[in-house]
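Colleague: Listed in order, the protein sequences are those of chains A and F. Per our numbering, residue 1 is the first one in the first sequence, and the count goes up by one each step. Per our numbering, residue 1 is the first one in the second sequence, and the count goes up by one each step.
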Amino acid sequence: MHERTLIVIKPDAVKRALVGKIFQRFEDVGLKLLACKMIRPTREEIDSNYPHTEEWYKGMGEKVLANIKDSELDAMTELGTEDPLKLGRMIGEKIVDYWLEGPVIASVWGGNHAIKVARKIRGFTVPALADAGTILGDYSSDSSTRALKEGRTGRTFIHASGDQDEAKREIEHWFGKDAQLFEDYDRVDHLATFIQNVWNEQ
Amino acid sequence: MERTVIIIKHDGVARGLMGEIMQRYERVGLKLVAMKLVHATEEVGHSHYPDEEAWYTKVGERSLEEYENKGIDPIAHIGTADKIEIGKLVKKWNVEYLTEGPVLAMIFEGYGAIKMGRKITGETNPSKAVPGTVRGDYTIDNAEVANAKKRPFRNLIHSSGSDEEAANEIELWFTPDEIHDYIRADADMMFK
Numbered sequence: 001m002h003e004r005t006l007i008v009i010k011p012d013a014v015k016r017a018l019v020g021k022i023f024q025r026f027e028d029v030g031l032k033l034l035a036c037k038m039i040r041p042t043r044e045e046i047d048s049n050y051p052h053t054e055e056w057y058k059g060m061g062e063k064v065l066a067n068i069k070d071s072e073l074d075a076m077t078e079l080g081t082e083d084p085l086k087l088g089r090m091i092g093e094k095i096v097d098y099w100l101e102g103p104v105i106a107s108v109w110g111g112n113h114a115i116k117v118a119r120k121i122r123g124f125t126v127p128a129l130a131d132a133g134t135i136l137g138d139y140s141s142d143s144s145t146r147a148l149k150e151g152r153t154g155r156t157f158i159h160a161s162g163d164q165d166e167a168k169r170e171i172e173h174w175f176g177k178d179a180q181l182f183e184d185y186d187r188v189d190h191l192a193t194f195i196q197n198v199w200n201e202q
Numbered sequence: 001m002e003r004t005v006i007i008i009k010h011d012g013v014a015r016g017l018m019g020e021i022m023q024r025y026e027r028v029g030l031k032l033v034a035m036k037l038v039h040a041t042e043e044v045g046h047s048h049y050p051d052e053e054a055w056y057t058k059v060g061e062r063s064l065e066e067y068e069n070k071g072i073d074p075i076a077h078i079g080t081a082d083k084i085e086i087g088k089l090v091k092k093w094n095v096e097y098l099t100e101g102p103v104l105a106m107i108f109e110g111y112g113a114i115k116m117g118r119k120i121t122g123e124t125n126p127s128k129a130v131p132g133t134v135r136g137d138y139t140i141d142n143a144e145v146a147n148a149k150k151r152p153f154r155n156l157i158h159s160s161g162s163d164e165e166a167a168n169e170i171e172l173w174f175t176p177d178e179i180h181d182y183i184r185a186d187a188d189m190m191f192k
């Protein structure tokens, strides 16, 4: 149940000076910061953090298709294809350029169901479809359709690990195999937030 | 362009106030150019505070004044009335506070960043820090309690006090490759 997740605040969020606001969202829900650093990774470091599987490309393509459908547009007319894999590969090429626009903040957070909780707070990566109250819903209005037409990737703003395998791989990727994670402190509200656990353990 | 070191001490980290505090510096237009979560060694803690007679004297005198105001005998309370010895004791307490757990160390850059940082941080003594400053809004400590408990003010933040302090602290806490450059989205409109 206790999980770790990797969260990266991307260059546009840093340039818009939203780091504190974003941190506050994750802190407020009770997640604990285990590691954090501001970095400017190389093209290779960024590229190799992605799985590059067909499934990964397809997933990105499907999100663009969802955005196009929601805008009542036609994928063939707008982008010349409605194949999610092809669209995903178009994005894959541009996503590294996006990361290279400026420094990013890589962080590791821990807590109950940290992966799902962090994803929920971040929100859906198509801003128009992200719920209000999520970070993307509140701070982003980019369009992935427009982005692709302009030859760039949609500004997804924040990366948050999708599952346990991804989290493990990504934490190792950005912080190293022997990453020092600060597990040995408690949030002051720890006992009040998780008191049920304390009772269960007694 | 001036740079200042802002450190959210461990109580701020454990209280979940990092985001709230960072926003205060970000929203005036200061640019975050370095940040990391780090548990400082005792050595870093010691180097962070001056090791100079003048500093010990100043700090010791301040404490003696406080003892006198409260009518407390410093010898009975901390075993000495010597200002330098008291200064050294205060430094030891400061180091313990700074190294008690992971802290969030940051560098902010901007015109007059050091003074701006101090203004937003607020007075060292929480009971004197005005509302609207970080310390004024999130701390309630005072000299009487701090002295009675033989510890420094639990004042949440460290904020560089001078050009010299900022330069020393940047070197102590960060390597050059941990400091980054970029243009904030609002920079042109704010500073043209």
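Positions of the beta carbon are idealized from the N, C-alpha and C atoms, including for glycine.
#1: Residues of chain F with CB under 7 Å from A/Asp27, in chain order?
#2: Is A/Val117 closer than 8 Å to A/Ile171 when the C-beta atoms are compared?
#3: Can you tell me whether DSSP reads F/Pro176 as helix, strand or coil?
#4: Output the boundary residues of the beta strand (DSSP E) element that contains A/Ser141.
#5: Using only alpha-carbon positions, find the residue among A/Ala160, A/Met90 and A/Thr81 that is nearest to A/Arg119.
#6: Quick one, which residues of the region 2-29 of chain A are near chain F if we go by CB-CB under 9 Å, in chain order?
#7: Tell me F/Met106's beta-bridge partners as DSSP assigns them.
#8: Using the rule of at least 16 other Cβ atoms within 10 Å of the residue's Cβ for burial, across every protein chain shown, is A/Gln202 buried or exposed?
#9: Buried or exposed for A/Lys32, going by 16 or more other Cβ atoms inside 10 Å?
#10: Within its chain, find whatever has a CB closer than 6 Å to the CB of F/Ser67; leave out the 5 residues flanking it on each side and keep chain order.
#11: Comparing the C-beta of F/Ala34 with each C-beta of chain A, is any distance below 8 Å?
#12: Using a beta-carbon distance cut-off of less than 7 Å, what residues from the region 78-110 of chain A approach chain F?
#13: Pull the bridge partners of A/Glu38 from the DSSP assignment, please.
#14: Check the DSSP bridge columns for A/His159 and list the partner residues they point to.
#15: Answer with buried or exposed for A/Leu73, where buried requires no fewer than 16 other C-beta atoms within 10 angstroms of its C-beta.
#16: Can F/Gly29 and F/Gly60 be called in contact, C-beta distance under 8 Å?
#17: Which word fits A/Gly88, buried or exposed, when buried means at least 16 other C-beta atoms lie within 10 angstroms of its C-beta?
#18: Can you look up F/Pro152 in the DSSP assignment and give me helix, strand or coil?
#19: In whole angstroms, what is the alpha-carbon distance linking A/Glu101 and F/Gly19?
#20: By DSSP's criteria, A/Asn112 is part of a beta bridge. Which residues make up the other side?
#21: Give me the Cα-Cα distance between A/Lys69 and A/Glu78, rounded to the nearest whole angstrom.
#22: Would DSSP call A/Ser71 helix, strand or coil?
#23: Where do the N-terminal and C-terminal ends of the alpha helix (DSSP H) with F/His46 fall, by residue?
#24: Can you give the beta carbon distance from F/Met106 to F/Met35, rounded, assuming they're within the 8 Å contact cut?
#25: Answer with yes or no whether the minimum CB distance from A/Phe157 to chain C is below 8 Å.
#26: Rounding to the nearest angstrom, what Cα-Cα distance links A/Val126 and A/Asp28 in this structure?
#27: If we define contact as Cβ-Cβ less than 8 Å, is A/Asp138 a contact residue for chain F?
#28: Go through its chain and collect everything with a Cβ distance to A/Ile46's Cβ below 6 Å, but skip five positions before and after it.
#29: Comparing the C-beta of A/Met38 with each C-beta of chain F, is any distance below 8 Å?
#30: To which residues of the same chain is F/Ser160 closer than 6 Å at the C-beta, ignoring the five residues directly before and after it?
#31: Which whole runs of the alpha helix (DSSP H) in the region 74-101 of chain A are 4 residues long or more, in chain order?
#32: If we count the other Cβ atoms within 10 Å of its Cβ and call it buried at 16 or more, is A/His52 buried or exposed?
#33: Take F/Val13 and list the residues in its own chain whose beta-carbon comes closer than 8 Å to its own, dropping the five residues that flank it on each side.
#34: Just to confirm the assignment: which complete alpha helix (DSSP H) runs, minimum length 4, are found wholly within the region 57-138 of chain F?
#35: On the DSSP bridge list, what partners appear for F/Phe157?
#36: Locate the alpha helix (DSSP H) running through F/Gly19, then write down its first and last residues.
Modeller: Working from what's here:
#1: Per the sequence shown, the amino acid found at residue 27 of chain A is Glu instead of Asp. Those within 7 Å of A/Glu27 in chain F are Gly16, Met18 and Gly19.
#2: No, the Cβ-Cβ distance between A/Ile171 and A/Val117 is not below 8 Å.
#3: For F/Pro176, the secondary structure class from DSSP, reduced to helix, strand or coil, is helix.
#4: No beta strand (DSSP E) contains A/Ser141, which DSSP labels as neither H nor E.
#5: Per the Cα distances, A/Ala160.
#6: Those would be Pro11, Asp12, Val14, Lys15, Arg16, Ala17, Leu18, Val19, Gly20, Lys21, Ile22, Phe23, Gln24, Arg25, Phe26, Glu27 and Asp28, in chain order.
#7: DSSP output for F/Met106 lists F/Ile6 and F/Met35 as bridge partner(s).
#8: Confidence in A/Gln202 is poor, its pLDDT being 45 and thus under 50, which makes the residue's placement unreliable; the coordinate value appears in the next sentence. Classification of A/Gln202: exposed, given that the 10 Å Cβ count is below 16.
#9: By the 10 Å Cβ count, A/Lys32 comes out buried.
#10: Here residue 67 of chain F is Tyr; the residue named in the question, Ser, does not match the sequence. Same-chain partners within the cutoff: Pro74.
#11: At least one CB of chain A lies nearer than 8 Å to the CB of F/Ala34.
#12: Under the 7 Å Cβ criterion, the region 78-110 of chain A contributes Gly102, Pro103 and Ile105.
#13: Going by the sequence as given, residue 38 of chain A is Met instead of Glu. Partner residues in the beta bridge of A/Met38, as assigned by DSSP, are A/Ile105.
#14: DSSP, once it has assigned bridges, lists A/Val8 as partnering A/His159.
#15: With a 10 Å radius around the Cβ and a threshold of 16 neighbouring Cβ atoms, A/Leu73 comes out exposed.
#16: For F/Gly29 and F/Gly60, no; Cβs fall outside 8 Å.
#17: By the 10 Å Cβ count, A/Gly88 comes out buried.
#18: Coil.
#19: Rounded to whole angstroms, A/Glu101 to F/Gly19 spans 23 Å at the Cα level.
#20: Bridge partners of A/Asn112: A/His2.
#21: For A/Lys69 and A/Glu78, the distance between alpha carbons rounds to 11 Å.
#22: Reduced to three states, the DSSP call for A/Ser71 is coil.
#23: Per DSSP, F/His46 belongs to the alpha helix (DSSP H) from Glu42 to His48.
#24: At roughly 5 Å, the Cβ-Cβ gap stays under 8 Å, so F/Met106 and F/Met35 are in contact.
#25: No chain C appears in this structure, whose protein chains are A and F.
#26: So the two alpha carbons sit approximately 24 Å from each other.
#27: It does not: the Cβ of A/Asp138 has no partner Cβ on chain F nearer than 8 Å.
#28: Excluding positions up to five away in sequence, the list reads Val96 and Trp99.
#29: Residue-level contact check: A/Met38 touches chain F, since one or more beta carbons of chain F fall below 8 Å from its beta carbon.
#30: The beta carbon of F/Ser160 sits closer than 6 Å to those of Thr4, Val5, Ile114, Ala166 and Glu169, all from its chain and outside the five residues before and after it, given in chain order.
#31: Runs of the alpha helix (DSSP H) lying entirely within the region 74-101 of chain A, each at least 4 residues long, are 75-79 and 84-99 in chain order.
#32: A residue is called buried once 16 or more other Cβ atoms fall within 10 Å of its Cβ, and A/His52, having fewer, is exposed.
#33: Non-local C-beta neighbours of F/Val13 in its own chain, meaning closer than 8 Å and more than five positions away in sequence, comprise Leu37, Gly101, Pro102, Val103 and Leu104, ordered along the chain.
#34: The qualifying runs are 74-78, 83-98, 113-121 and 134-138.
#35: The sequence given here has Ile at residue 157 of chain F, not Phe. Per DSSP, the beta bridge partners of F/Ile157 are F/Ile8.
#36: Boundaries of the alpha helix (DSSP H) around F/Gly19: Met18 to Arg27.
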